[in-house]
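Those sequence lines, one after another, are chains H and B. Just so we're aligned: the first sequence equals residues 41 to 269 in our numbering. Just so we're aligned: the second sequence equals residues 41 to 269 in our numbering. This report concerns only the one structure given below.
There are 2 protein chains.
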Amino acid sequence: MAKTRVLIVDDEPNIRDLLATSLRFAGFDIQTAANGAQAVTAVTESEPDIILLDVMLPDMNGFSVTKKLRASGIQAPILFLTARDDTEDKITGLTVGGDDYLTKPFSLDEVVARIQAILRRTKTADAEPSIIDAGAIVINQDAHEVSVEGKNVELSPTEYKLLRFLVMNPDRVLTKAQILDHVWEYDFNGDMGIVESYVSYLRKKLDPISSRPLIQTKRGVGYIYKKQD
Amino acid sequence: MAKTRVLIVDDEPNIRDLLATSLRFAGFDIQTAANGAQAVTAVTESEPDIILLDVMLPDMNGFSVTKKLRASGIQAPILFLTARDDTEDKITGLTVGGDDYLTKPFSLDEVVARIQAILRRTKTADAEPSIIDAGAIVINQDAHEVSVEGKNVELSPTEYKLLRFLVMNPDRVLTKAQILDHVWEYDFNGDMGIVESYVSYLRKKLDPISSRPLIQTKRGVGYIYKKQD
DNA sequence: TAGGCCTCTCAACTAACTCTCAGCTTTCTT
DNA sequence: AAGAAAGCTGAGAGTTAGTTGAGAGGCCTA
Chain H
41 MAKTRVLIVD DEPNIRDLLA TSLRFAGFDI QTAANGAQAV TAVTESEPDI
91 ILLDVMLPDM NGFSVTKKLR ASGIQAPILF LTARDDTEDK ITGLTVGGDD
141 YLTKPFSLDE VVARIQAILR RTKTADAEPS IIDAGAIVIN QDAHEVSVEG
191 KNVELSPTEY KLLRFLVMNP DRVLTKAQIL DHVWEYDFNG DMGIVESYVS
241 YLRKKLDPIS SRPLIQTKRG VGYIYKKQD
Chain B
41 MAKTRVLIVD DEPNIRDLLA TSLRFAGFDI QTAANGAQAV TAVTESEPDI
91 ILLDVMLPDM NGFSVTKKLR ASGIQAPILF LTARDDTEDK ITGLTVGGDD
141 YLTKPFSLDE VVARIQAILR RTKTADAEPS IIDAGAIVIN QDAHEVSVEG
191 KNVELSPTEY KLLRFLVMNP DRVLTKAQIL DHVWEYDFNG DMGIVESYVS
241 YLRKKLDPIS SRPLIQTKRG VGYIYKKQD
């Protein structure tokens, strides 16, 4: 299967680069545009499979761009990016037809997860549930549910994202810096102590119902989740 | 089974796009026309299974278009779209046969439901009632009746639509934005607090007669209805 | 025109979550 | 064996998300 083509439309170069780098690494084929006009040009040159679109662009807003794109016959789903405080009025009517939105500042892992969720839903008509099955831990992404050896666990949003990141990268040590960069919002500026805290929270919830410690510490390096012992 | 072909006839590009995107995602094969003349041309090219027709078009009214379509031998049922303040006389006489009408602004979920209702009625001669059977909750769409574990519940129109949307997407978290975009009329521009209010109303009616909480909150994500626990 | 249902808004309240910090334990180094 | 570094965790402050009651206003029916 060819690489999925993603078009990133955002006027802030920082965000654009952050997304481009991160998504390229995640295996996507990336194109970027800094405003609505460029976006319209870009889609005609190479039709993307999905579009990441900032709702507030210098030349036009999300609705106008969407309209122009749709008018050019583009049917690719759109993941809208909005500022936290835009979220009441600006997004209504956006999550139609497989589209979705994400508020800035987001976490990189969340962007990838959303893209995959959208593509899954739009590609296959009747989407089978998206399940990450990694041995002892099974995550149902549609229902946002986690089970350990068959038993359900209730997790807070951050605990969920952290565990998902660990489980999606099994048998690999992830440094605290990597975890911070992927799981926390990109403008988070506390220290890595928070990762330790949340690993602790997870262990407190997971280990009592598991037959073995699930998240292991690699001292001086980071944390690892192993599919089997 | 091949995809159902829907022809959308409306002069407002916004509405056309909204409908096209939404219905395409719902699994229909979409064609569009901006006026009566285009509509007549379109139906001859590819015979639609159902037509969504705005009653007030720039070049001719609903009666004329219908007459022309019928004259070309098209028997597909028509779902008329009318403005809220259009008086009764604009509609009377139109909804003969399997036809029906819907007032603007409508909700997207409602459009899909109506289309399916019409197709059900016109396709199978002896219409068996359309029942959504999702575990504890059973919805009879023809009778607009809801039962929880066999017991009947009276719901207001909005409560009904909200519950239907949740029940038609079981075991999947639906965000407040998705719910707002599908269940509420497309021009609604209040905030998502209303979804919370209506979930609260539903719970007050459903939970007392149910053996388990039916609508669960996924904090930071949305709401979910699970077929079984 | 009054009464009743319905929709929607608002605000108080509650529960849950995020993050920081400090003191503790474990592991490594010399 | 002692000290340093790294990691763990409980407590708590501050914030945010979700729930619910009260009520304004619209619309329909009697």
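C-beta atoms are modelled at their ideal positions from N, C-alpha and C, and glycine is treated no differently. None of the values given here were measured: they were computed from a predicted structure.
Neighbourhood of residue i by C-beta, 7 angstroms cutoff - its chain only, sequence neighbours within 5 removed
i             : result
residue 52/H  : none
residue 232/B : 216, 217 and 220
residue 80/H  : 108, 109 and 112
residue 72/B  : 48, 56 and 60
residue 88/H  : 45, 46, 47, 71 and 116
residue 258/B : 213 and 264
residue 100/B : 76
residue 199/H : 238, 241 and 242
residue 191/B : 249
Distance CB(residue i)-CB(residue j) smaller than 9 angstroms
i             : j             : result
residue 193/H : residue 246/H : yes
residue 94/H  : residue 122/H : yes
residue 189/B : residue 249/B : yes
residue 124/H : residue 145/H : yes
residue 134/B : residue 118/B : yes
residue 251/B : residue 176/B : yes
residue 120/B : residue 140/B : yes
residue 203/B : residue 186/B : yes
residue 267/H : residue 210/H : yes
residue 205/B : residue 132/H : no
residue 138/B : residue 114/B : no
residue 58/B  : residue 136/H : yes
residue 172/H : residue 207/H : yes
residue 195/B : residue 242/B : yes
residue 65/H  : residue 43/H  : no
residue 153/B : residue 169/B : no
Amino acids of chain B, ordered along the chain, whose beta-carbon sits closer than 8 angstroms to that of residue i
i             : result
residue 197/H : 259, 260 and 261
residue 131/H : 217
Within chain H, partners of residue i - CB distance below 8 angstroms
i             : result
residue 264/B : 183 and 184
residue 221/B : 132, 133, 134, 135 and 136
Residues that residue i contacts on chain B, provided the C-beta gap is smaller than 9 angstroms
i             : result
residue 107/H : 53, 54 and 57
Identity of the residues DSSP links to residue i by a beta bridge
i             : result
residue 144/B : 123/B
residue 71/B  : 47/B
residue 178/H : 173/H and 187/H
residue 90/B  : 46/B
residue 158/B : None, per the DSSP bridge assignment.
residue 95/H  : DSSP lists no partner for residue 95/H.
residue 256/B : 264/B
residue 118/H : 91/H
Residue i: contacting residues in chain B (beta-carbon distance under 7 angstroms)
i             : result
residue 137/H : 61, 62, 64 and 65
Own chain residues within Cβ distance below 8 angstroms of residue i, not counting five before or after
i             : result
residue 225/B : 145, 146 and 147
residue 105/B : 49, 76, 79, 80, 93 and 97
residue 269/H : 252
residue 256/B : 263, 264, 265 and 266
residue 261/B : 213 and 215
residue 142/B : 119, 120, 121, 122, 150, 151 and 154
residue 63/B  : 46, 48, 70, 151, 152 and 155
residue 201/H : 147, 149, 150 and 223
Sequence-distant residues of its chain with Cβ nearer than 6 angstroms to residue i (five each side left out)
i             : result
residue 222/B : 148, 149 and 205
residue 181/H : 170
residue 91/B  : 47, 116 and 118
residue 162/H : 117 and 138
Residue i beta carbon near the ligand MN (any heavy atom closer than 8 angstroms)
i            : result
residue 68/B : In the structure shown, the ligand MN is absent, as is every other ligand, since no ligand is present at all.
| request: Determine which residues of the region 204-219 of chain B have a Cβ less than 8 angstroms from any Cβ of chain H, and write them out in chain order. | output: 211, 212, 213, 215, 217 and 218
| task | Could you name the residues of the region 224-253 of chain B whose beta carbon sits closer than 8 angstroms to any beta carbon of chain H, in the order they occur along the chain? | result | Taking 8 angstroms as the Cβ-Cβ cut-off against chain H, the residues of the region 224-253 of chain B that qualify are 226, 228, 229, 231 and 232.
| message | Using a Cβ-Cβ cutoff of 9 angstroms, what residues of the region 141-162 of chain B are near chain H? List them in chain order. | response | 148
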